[in-house]
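Numbering (my numbering), first residue to last: 6 to 303.
Structure follows, in structure tokens:
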């Protein structure tokens, strides 16, 4: 309910004309100190939008006369930490024999912690945050002791630096499995699959596995070994254990034999990533130390 403002007899202050349950609202002016604070906040807000990034534009916000940015602040803090750790990074990056790293408790601890951060930022997208891999996509687990190219700390560092089957580094790990769909008959492929099932301790057809042993010896043993033990030098996986890169059931094995696999890992050394995003030698050695100590390193 409202009515025309009127003077109150007792206070002499004009009312606002509003009445709530018989209570009328007086039109008292704001305290002067409050008004000045209100004006000050307006002035401060205007000054802030001039000094700091504030107003959105088509492609970016206004930068502000002070040139401040949170990215720049983060870069400064990172540079400060790198400066503090420069001696440790230099020592870590200059190591020629990473196997000796475990004998230096302080440096090894620093490397593992640094490597964990590098792994989360660059490797976990494929290998998983816990390094367990993603079998459906052919991303290997780094927690077991089944390594395609060797699991010593130096071998891990080399793989990180140069990658696998990429066009970046001339020293990338590189072998290629042939596709046997147009080489072997369908029944021969079935026989090879059953032989692999047999040597890996899975349910199989005995007659087909026996026939597949000869085909395996003629076509597969040169890379995977006579007993399916694999070959680190060629990146040929072990086939006689229960650890699989893409899966070990009959259907998946058949697909692998027919069409082969061609997993690619980028080269992470900054030498082969000139556009940025590469890792320094210290970071490579650190992530190798982190992966090696997860439990699967040789």
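We put the CB at the ideal spot given by N, CA and C, even for glycine. This one's a predicted model, so the numbers in the text were calculated from it and none came from an experiment.
### Message
Could you tell me the alpha carbon to alpha carbon distance between residue 108 and residue 123, rounded to whole angstroms?
### Response
22 Å
### Extent of the continuous alpha helix (DSSP H) to which residue 41 belongs
37-56
### Query
If you draw a straight line from the alpha carbon of residue 178 to that of residue 198, how long is it in whole angstroms?
26 Å
### Message
Report the CB separation of residue 252 from residue 140 in whole angstroms; it is logged as a contact under 8 Å.
### Response
6 Å
### Query
Taking the continuous alpha helix (DSSP H) assigned at residue 30, which residues delimit it?
Unbroken run through residue 30 is the beta strand (DSSP E), 28-31; no alpha helix (DSSP H).
### Query
Apart from the five residues just before and just after residue 133, which ones in its own chain have a Cβ nearer than 7 Å to its Cβ?
139
### Query
Considering only residues of the stretch 63-111, which uninterrupted alpha helix (DSSP H) runs meet the minimum length of 4 residues and lie entirely inside it, listed in chain order?
75-89 and 91-98
### Task
On a CA-only basis, which of 264, 281 and 145 is nearest residue 191? Give me that one, please.
264
### Span of the alpha helix (DSSP H) around residue 188
Note, residue 188: premise wrong, no alpha helix (DSSP H); not H, not E.
### Message
Just verifying my parser: in three-state terms, what is the DSSP assignment at residue 180?
### Response
coil
### Query
For residue 195, which option in 259, 56, 53 and 151 has the closest C-alpha, if you only look at C-alpha atoms?
259
### Query
Residue range of the beta strand (DSSP E) that residue 269 falls in?
That residue, residue 269, is in no beta strand (DSSP E); it is neither H nor E in DSSP.
### Task
Look up residue 150 in the DSSP assignment and say whether it is helix, strand or coil.
coil
### Query
With DSSP run on the structure shown, which of helix, strand or coil describes residue 234?
coil
### Query
For the beta strand (DSSP E) that residue 18 lies in, which residues bound it at each end?
Unbroken run through residue 18: none, as it is neither H nor E.
### Message
Assuming the contact rule is C-beta atoms closer than 8 Å, residue 162 and residue 248 should be a hit. Round their C-beta distance to whole Å, please.
### Response
So it is not a contact: roughly 22 Å between Cβ atoms.
#### Entry: Whether residue 32 touches residue 46 by CB criterion (7 Å)
no
### Query
Relative to the C-alpha of residue 272, which residue among 266, 284 and 262 is closest?
284
### Query
Taking C-alpha atoms, which residue in 300, 267 and 159 lies nearest to residue 142?
267
### Task
Could you please give the first and the last residue of the uninterrupted alpha helix (DSSP H) stretch that includes residue 259?
255-264
### Query
Taking C-alpha atoms, which residue in 282, 254 and 66 lies nearest to residue 204?
254
#### Entry: First and last residue of the uninterrupted alpha helix (DSSP H) at residue 132
129-132
### Message
Short of 6 Å in beta carbon distance, which residues of its chain neighbour residue 201, apart from the five on each side in sequence? Order them along the chain.
### Response
244 and 258
### Message
If you measure between the beta carbons of residue 148 and residue 301, is that distance less than 7 Å?
### Response
yes
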